[in-house]
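Chains as they are written, first to last, in our numbering: chain E, 0 to 380; chain S, -16 to 172. Just so you know, even glycine gets a beta-carbon here, dropped at the ideal spot from N, CA and C.
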Amino acid sequence: MIVCMANSILSPLGMTTAENYAAVKAGRSALRLYEGLWDLPEPFVASLMDREKVEDAFAAWADNRKYTFFEKMIILSAKKALEQTDIDPTSDKVLFILSTTKGNVFLLDERETGFPQERVLLGAAARQMTEFFHNPNTPIVVSNACISGVCAQIEAMRNLENGCFDYVVVVGCDVQSAFIVSGFQSFKALSTEPCKPFDANRTGLNLGDAAATIIYTKKDKVNENEWVACRGAIRNDANHISGPSRTGEGSYRALKVALGEVKPEQIAFINAHGTATLYNDEMESVAIERAGLSQVTVNGLKGYYGHTMGAAGVLETILSMCAVDDNNILATKGYETMGVTHPLVLSNQNQPTSKRAFIKLLSGFGGCNAALLMAKGGEPC
Amino acid sequence: MLKVYINPETVMINGKALEHKEKGSALLTEVYRTYVGDYPKFFKMDTLSKLGFVASELLLQAEGKPRFEPCEDRAVVLFNCCASLQADTAYQATIQDPEHFFPSPAAFVYTLPNIVTGEIAIRNKYFGETSFMVLPERDPQIMAQQLQNAFLDPMTTSILGGWLDCSDESHFEAELFIIKSLNFKSLNL
Chain E
0 MIVCMANSIL SPLGMTTAEN YAAVKAGRSA LRLYEGLWDL PEPFVASLMD
50 REKVEDAFAA WADNRKYTFF EKMIILSAKK ALEQTDIDPT SDKVLFILST
100 TKGNVFLLDE RETGFPQERV LLGAAARQMT EFFHNPNTPI VVSNACISGV
150 CAQIEAMRNL ENGCFDYVVV VGCDVQSAFI VSGFQSFKAL STEPCKPFDA
200 NRTGLNLGDA AATIIYTKKD KVNENEWVAC RGAIRNDANH ISGPSRTGEG
250 SYRALKVALG EVKPEQIAFI NAHGTATLYN DEMESVAIER AGLSQVTVNG
300 LKGYYGHTMG AAGVLETILS MCAVDDNNIL ATKGYETMGV THPLVLSNQN
350 QPTSKRAFIK LLSGFGGCNA ALLMAKGGEP C
Chain S
-16 MLKVYINPET VMINGKALEH KEKGSALLTE VYRTYVGDYP KFFKMDTLSK
34 LGFVASELLL QAEGKPRFEP CEDRAVVLFN CCASLQADTA YQATIQDPEH
84 FFPSPAAFVY TLPNIVTGEI AIRNKYFGET SFMVLPERDP QIMAQQLQNA
134 FLDPMTTSIL GGWLDCSDES HFEAELFIIK SLNFKSLNL
């Protein structure tokens, strides 16, 4: 079975997983209004890191000037997870997989001169991380839009399953910039207030900075407290490159494969993508109903962090593991009134649960969708 | 194994060169007009998607099976080194000058490398897995490993996969193939 050995989260809500979980459980959100940032003409709401805090944490053991903010985030996140294990990252049995959509894209701005242009290449940024840890393997960057974080975990599972490596370090990260914010603004996808996933009055998404890491390994036997990545699937809507399918085609199919023979009653919750755009949330409600899961509680975490893009799949999987460990289903912050046509079980309050499995669901541009079933102790994989 | 190779000067199907007049991005348009012609969405695409689109069309025409039948057993798994660099550069140009700040949603949507996997899925009604992986450089061993891993999906029986890279409108390379789980061992990247 593929087992989670360690994890870490770096976000505006905290520099460790424990800090992040405590903040989310207490209902704190990092979403703020930014005006005039990065010379953008329109204000926007986002969840952004205090960059000095990252530099302070980084300064203890590396030269801040050598790395971009994005690279510091991925190195710091991986380091914090690796420190919880006795893994030797210099071994060729350790693979690094980076999940990101835009990496160092800010380097394309002509005014950015501090770093070589080639670092805009995702592989070059990933290599900064593997070189930092003296890891001899070629890093793989999974870049499947907003589903990258779950895809990267699926790639990790497969690399372990096939015996290619003994350990896989999955790092998900994106950091916001004028490039990304203006792009989503041009799509009219950004809300001018904190987002409201699945709510009748939802007005769009917010963006966020975060880095999150999960380290996976393969074990024959697991104990009841270990988290097992059971099954994941990636499916396409085959419908539109920037609009989700009205029939929830790809998400429905991904859910079906991830669920397998597992009964809906065995699932504590589905941690949905829940971006709070009109179309995404509606599509997810269709897909969840088609998959026979409309009785399962659904939650979404974008009201705390915004959409953290390449980090989202990793970040939200970790927080969902923490929640199950705490017998808790996290509240969907920002949600008030059912706003999708296929009603879901949703709450803006934390709810108790004694179940030990959850599904992480994501969808993204390019018509891609991914679902991952995680179970504590390996039951009911 | 079926294979299509395209660079700014060459188009080859199973090692046989295709005759053409144009070079660079005009070559992609020429291939589209000569061999496809019925998919005007082609003209909206970024160079990476145009390249992936015409390469996959030539490949699937050579495969000779009935086209456009919905399926979930064929995955699209592509690799490159430059991600969506050409589209990224084009989009950056729309926001670089604060005096002429016109971010374009049509340009922004292509600033993700996996959009081309979606374009191929839409054209062919592929509901299966679509995936894009970026590497620091072309690494046949890693690519072969990840393609083999893709067959661990319970439904995937064939993959339209390979190398699809584009740094700007006049620098690109595609090497796409169709592999089946059975003939995987013969894969020579």
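Secondary structure at residue i, three-state DSSP: helix, strand or coil?
i: PHE85(S); result: coil
i: LYS375(E); result: strand
i: TYR66(E); result: coil
i: GLY351(E); result: Sequence check: residue 351(E) is Pro here, not Gly. Strand, per DSSP.
i: LYS301(E); result: helix
i: LYS79(E); result: helix
i: TYR22(S); result: coil
i: GLU117(E); result: helix
i: GLY111(S); result: coil
i: ASN270(E); result: strand
i: ASP55(E); result: helix
i: LEU31(E); result: For the record, residue 31(E) in the displayed sequence is Arg; it is not Leu. DSSP places ARG31(E) in strand when its eight states are reduced to three.
i: ASP56(S); result: coil
i: GLU156(S); result: strand
i: ASP324(E); result: helix
i: CYS172(E); result: strand
Is the Cβ-Cβ distance between residue i and residue j less than 7 angstroms?
i: ASN368(E); j: ALA209(E); result: no
i: ASP173(E); j: GLY309(E); result: yes
i: ARG50(S); j: TYR109(S); result: no
i: ALA70(S); j: THR94(S); result: yes
i: VAL140(E); j: LEU97(E); result: yes
i: MET72(E); j: THR216(E); result: no
i: ALA228(E); j: ILE358(E); result: no
i: ARG126(E); j: PRO119(S); result: yes
i: LEU179(S); j: LEU42(S); result: Only positions -16 to 172 of chain S appear in this structure, which leaves residue 179(S) out of reach.
i: SER87(S); j: THR77(S); result: yes
i: ALA80(E); j: ASN6(E); result: yes
i: ASN136(E); j: ASP91(E); result: yes
i: VAL221(E); j: MET373(E); result: no
i: PHE62(S); j: TRP146(S); result: yes
i: MET128(E); j: ILE86(E); result: no
Nearest to residue i by CA position, among the options, is which residue?
i: LYS187(E); options: ASP324(E), MET320(E) and PHE43(E); result: PHE43(E)
i: GLU223(E); options: LEU94(E), TYR278(E) and VAL323(E); result: VAL323(E)
i: TYR175(S); options: GLU52(S), ASP148(S) and LYS163(S); result: With chain S represented from -16 up to 172, any question about residue 175(S) goes unanswered, as that position is not in the structure.
i: GLN116(E); options: ILE96(E), THR84(E), GLY338(E) and THR67(E); result: THR67(E)
i: VAL297(E); options: ALA286(E), GLY305(E), HIS306(E) and LEU107(E); result: ALA286(E)
i: LEU30(E); options: GLY312(E), GLY305(E) and LEU361(E); result: GLY305(E)
i: LYS163(S); options: ALA157(S), GLU156(S) and LEU143(S); result: LEU143(S)
i: LEU32(E); options: ARG118(E), PHE132(E), PHE95(E) and GLU192(E); result: GLU192(E)
i: ASN205(E); options: LYS220(E), GLY113(E), ILE179(E) and ALA271(E); result: ILE179(E)
i: ASN279(E); options: LEU258(E), GLU260(E), ASP236(E) and PHE268(E); result: ASP236(E)
i: GLU156(S); options: PRO119(S), THR30(S) and LYS4(S); result: THR30(S)
i: VAL14(S); options: ALA38(S), PRO23(S) and SER32(S); result: ALA38(S)
i: GLN129(S); options: ARG157(E), GLU70(E) and ARG201(E); result: ARG157(E)
i: ILE146(E); options: ALA374(E), LEU361(E) and LEU372(E); result: LEU361(E)
i: HIS239(E); options: LEU1(S), ASN107(S) and GLU120(S); result: ASN107(S)
i: VAL170(E); options: ILE214(E), MET337(E) and GLN127(E); result: ILE214(E)
i: LYS255(E); options: ILE269(E), GLU225(E) and ALA61(E); result: ILE269(E)
i: CYS64(S); options: SER142(E), ILE8(E) and ALA25(E); result: SER142(E)
i: THR354(E); options: GLU264(E), ALA330(E), GLU281(E) and LEU314(E); result: Position check: residue 354(E) holds Lys in this sequence, whereas Thr was assumed. Considering only alpha carbons, the answer is GLU264(E).
i: ILE317(E); options: THR16(E), GLY113(E), ASN327(E) and LEU39(E); result: THR16(E)
To the nearest whole angstrom, what separates the beta carbons of residue i and residue j, a pair I think is in contact under 8 angstroms?
i: THR212(E); j: SER319(E); result: About 15 angstroms; that fails the 8 angstroms criterion.
i: THR139(S); j: GLU112(S); result: 6 angstroms
i: ALA311(E); j: LYS195(E); result: That belief does not hold up - the Cβ atoms of ALA311(E) and LYS195(E) are roughly 17 angstroms apart, past 8 angstroms.
i: THR336(E); j: ALA199(E); result: 4 angstroms
i: VAL60(S); j: SER114(S); result: 5 angstroms
i: TYR303(E); j: VAL23(E); result: 5 angstroms
Which chain S residues are close to residue i, counting only those with a beta carbon under 7 angstroms from its beta carbon?
i: ALA144(E); result: LEU95 and ASN97
i: THR100(E); result: LEU95
i: CYS380(E); result: Under the 7 angstroms cutoff, chain S gives no residues; its nearest Cβ is about 14 angstroms from CYS380(E).
i: ARG289(E); result: Going along chain S, no residue has its Cβ under 7 angstroms from ARG289(E), so there is no contact; the nearest lies around 13 angstroms.
Which bits of chain S does residue i rub up against, with CB to CB less than 8 angstroms?
i: CYS150(E); result: SER114
i: ASP38(E); result: PRO81
i: ASN161(E); result: GLN128, GLN131, ASN132 and LEU135
Just the chain E side, please: which residues come within less than 8 angstroms of residue i by C-beta, in chain order?
i: CYS64(S); result: LEU120 and GLY122
Can you pull the chain E residues whose beta carbon is under 7 angstroms from the beta carbon of residue i, in chain order?
i: LYS108(S); result: ALA237
i: ILE125(S); result: THR137 and ILE139
i: VAL92(S); result: ILE240, SER241 and PHE364
i: PHE238(S); result: Nothing can be reported for residue 238(S): it is not among the residues displayed for chain S, which extend from -16 to 172.
i: VAL117(S); result: LEU121, GLY122, VAL140 and SER142
Listing by chain order, which chain S residues have their CB less than 9 angstroms from the CB of residue i?
i: ALA210(E); result: Going along chain S, no residue has its Cβ under 9 angstroms from ALA210(E), so there is no contact; the nearest lies around 18 angstroms.
i: ILE233(E); result: ALA58, GLY111, GLU112, THR113, SER114 and ASP136
Closer than 7 angstroms between beta carbons: that is the criterion. Which residues of the region 172 to 194 of chain E meet it against chain C?
Among the chains of the structure shown, chain C does not appear; the protein chains present are E and S.
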